[in-house]
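Engineer: Mind the numbering: the sequence shown is residues 35 to 370 in my numbering, read in order.
Where is the CB? At the ideal position from N, CA and C, for every residue including glycine.
Since the structure is predicted, the reported quantities are computational estimates derived from the model, not experimental observations.
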Amino acid sequence: MSDIGKSITQFIIEQQRVHKNSTGEMSGLLNDIVSACKKISHLVNRSGIIGIGGAAESENVQGEVQKKLDIITNDVMVDHLKWTGHLAAMASEEIEEIIQIPANMPKGQYLIAFDPLDGSSNIDINLSVGTIFSILRCPEGVTNPTVEDFMQKGSEQVCAGFCVYGPTTMMILTTGQGVNGFTLDRDVGEFILTHPNMTIPEDTAEFAINMSNQRFWEAPVQRYIEECVQGMDGSREKNFNMRWVASMVAEVYRVLTRGGIFLYPLDSKPTTQGGKLRLLYEANPMSFIVEQAGGVSSTAYQRIIDIKPEGLHQRVPVILGSKNEVERVMRYHKEK
Ligand code: P6P
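#1: Let me make sure I understand the geometry here. Which of ALA194, THR306, THR333 and MET232 has the alpha-carbon closest to that of ARG98?
#2: Let me check understanding here. Comparing Cα to Cα, which of ASP237, ALA122 and ILE42 lies closest to VAL68?
#3: Which residue comes first and which comes last in the beta strand (DSSP E) that contains LYS370?
#4: Measuring CB to CB, does TYR287 end up less than 8 Å from VAL198?
#5: Classify ARG349 as buried or exposed, calling it buried when 16 or more other Cβ atoms lie within 10 Å of its own Cβ.
#6: Out of curiosity, what's the CA-to-CA distance linking THR209 and MET266?
#7: What is the DSSP secondary structure of GLU224, counted as helix, strand or coil?
#8: What is the residue span of the alpha helix (DSSP H) that GLN44 lies within?
#9: State yes or no: is the C-beta of THR118 within less than 8 Å of the C-beta of LEU63?
#10: Taking the continuous beta strand (DSSP E) assigned at ASP149, which residues delimit it?
#11: Could you please give me the residues that DSSP links to GLY164 through a beta bridge?
#12: Evaluate GLY175 with the Cβ neighbour count: other Cβ atoms within 10 Å of its Cβ, from every protein chain shown; 16 or more gives buried, anything less gives exposed.
#13: Does ligand 1 have even one heavy atom less than 7 Å from the beta-carbon of SER302?
#14: Just tell me which of ILE129, ALA147, ALA123 and GLU128 has its CA closest to the CA of ALA137.
#15: By Cβ distance, which residues of its chain are closer than 7 Å to LYS370, with the 5 residues on each side in sequence left out?
#16: Alpha carbon to alpha carbon, how far is ILE166 from VAL9? Give it in angstroms, no decimals.
#17: Under the rule that 16 or more other beta-carbon atoms within 10 Å means buried, what is ASP237, buried or exposed?
#18: So, is the C-beta of LEU64 closer than 8 Å to a C-beta in chain D?
#19: Please report the distance separating the alpha-carbon of ASN160 from that of SER281.
#20: Just mark ASN108 as buried or exposed, buried being the case when its beta carbon has 16 or more other beta carbons within 10 Å.
#21: Consider the C-beta atom of TYR335 and the heavy atoms of ligand 1; say whether any pair is separated by less than 7 Å.
#22: So, using beta-carbon positions, are LYS40 and LEU227 closer together than 8 Å?
#23: Is the separation between the beta-carbon of ILE353 and that of LEU290 shorter than 8 Å?
#24: Can you find a heavy atom of ligand 1 that lies under 7 Å from the Cβ of GLU285?
#25: DSSP three-state label for THR107, please.
#26: Drop a sphere of 10 angstroms on the beta-carbon of TYR258, count the other beta-carbons inside from all chains shown, and report buried for 16 or more, exposed for fewer.
#27: Relative to the C-alpha of PHE241, which candidate in PHE250, GLU359, HIS120 and ILE46 has its C-alpha closest?
#28: Looking at HIS367 and VAL95, is the spacing between their C-beta atoms short of 8 Å?
#29: Around the Cβ of GLN56, are there at least 16 other Cβ atoms within 10 angstroms (buried) or fewer (exposed)?
#30: Count the other CB atoms within 10 Å of the CB of SER126; is the residue buried (16 or more) or exposed (fewer)?
#31: Under the three-state reduction of DSSP, which class applies to GLN256: helix, strand or coil?
#32: Give the list of continuous beta strand (DSSP E) stretches no shorter than 3 residues that lie fully inside the region 321-366.
#33: Starting from ARG288 and walking both ways along the alpha helix (DSSP H), at which residues does that stretch end?
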């Protein structure tokens, strides 16, 4: 009997049983994240009606002008997770330092890093945005985590997921046993399994990159994109399509559903030295998901989840998606 239609709550509990010595902590944490994402979906959908769209009068640690919803959704995540007793600390794109669990609340064995509303520049133009999260184990015996305890390779993640707030609200989840997609049924307020065992086709004819940065790219990326644009008339002898939504959750979801290659490569712009996307709460969780779906995720020089982080908001270049295309880009960099 197909699992399609199973609630995410049932799915999480049944996955817990797969892990023999599981304590139920992960299940509890995931259900709290699900609750937070349902609340964020509600706020995103009603932002224009209740007047929480538009910019706030503040900047985040990245020096980016914050949207009101960046701050509100960050508070939703913190308020839903701080009291649960499953976390030892949190890290957020919107907050410079790690977020400690209040002294009067119990701590748990996990650490979470999240981007509460990725792609928020799309809010005011009604395009998809999302919440991305990455769950790590808190190192044994650490009761007061520091930034150092978050400096774990992406390969150490025990769970990663994202919620995309688009025409439908979808939760994409992996705990290392493949990737599953759940659609929010607003009538009952529950995420329902609609996309079991998502896999990325090894080949694709669709690339996603911000072409306005072309003059700043390194030669191998220039070469790869030029060949895609030349299509049948070029060395690939194949036509390509292009997409760029400027919302990583939307791009990665598309890659999971029909393949594709997403590139935010190194470029020589001062503002994106080292890359644009953040390692801990964008590149790592998305890379874990992409690899679990049979794709590849690389900086072009190394596997992203092999990187030893050096900072909470460290940026990295990201090239992810269909295996054969990402490996071609990596080959071009090797040949350079
Ligand atoms: P650009 C959104 O701000 C984000 O972090 C990703 O979600 C997205 O892929 C990228 O930046 C968009 O960058 O340069 O096109 O605005």
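Structural biologist: The relevant details are as follows:
#1: The displayed chain sequence assigns Glu, not Arg, to residue 98. Relative to GLU98, the option among ALA194, THR306, THR333 and MET232 whose CA is nearest is THR306.
#2: ILE42
#3: Element bounds for LYS370: n/a, residue is neither H nor E.
#4: yes
#5: It counts as buried.
#6: In this structure, the straight-line span from the alpha carbon of THR209 to that of MET266 is close to 40 Å.
#7: strand
#8: 42-52
#9: Result yes, Cβ atoms of THR118 and LEU63 sit closer than 8 Å.
#10: 144-152
#11: ASP152 and VAL198
#12: exposed
#13: no
#14: ALA123
#15: So the list reads ALA253 and PRO254, once near-sequence residues are dropped.
#16: Past the edges of the chain, shown from 35 to 370, lies residue 9, and the structure says nothing about it.
#17: exposed
#18: Of the protein chains in this structure there is only one, and it is not chain D.
#19: Between the alpha carbons of ASN160 and SER281 lies a gap of roughly 12 Å.
#20: buried
#21: Checking every heavy atom of ligand 1 against the Cβ of TYR335, none is found closer than 7 Å.
#22: yes
#23: no
#24: yes
#25: The answer is helix: DSSP assigns THR107 an H, G or I state.
#26: Buried.
#27: Of PHE250, GLU359, HIS120 and ILE46, the residue nearest in Cα terms is GLU359.
#28: no
#29: Looking at the sequence provided, one finds Ser at residue 56 rather than Gln. By the 10 Å Cβ count, SER56 comes out exposed.
#30: Buried, because 16 or more other Cβ atoms sit within 10 Å of the Cβ of SER126.
#31: helix
#32: Listed in chain order, they are 330-332 and 352-355.
#33: 282-292
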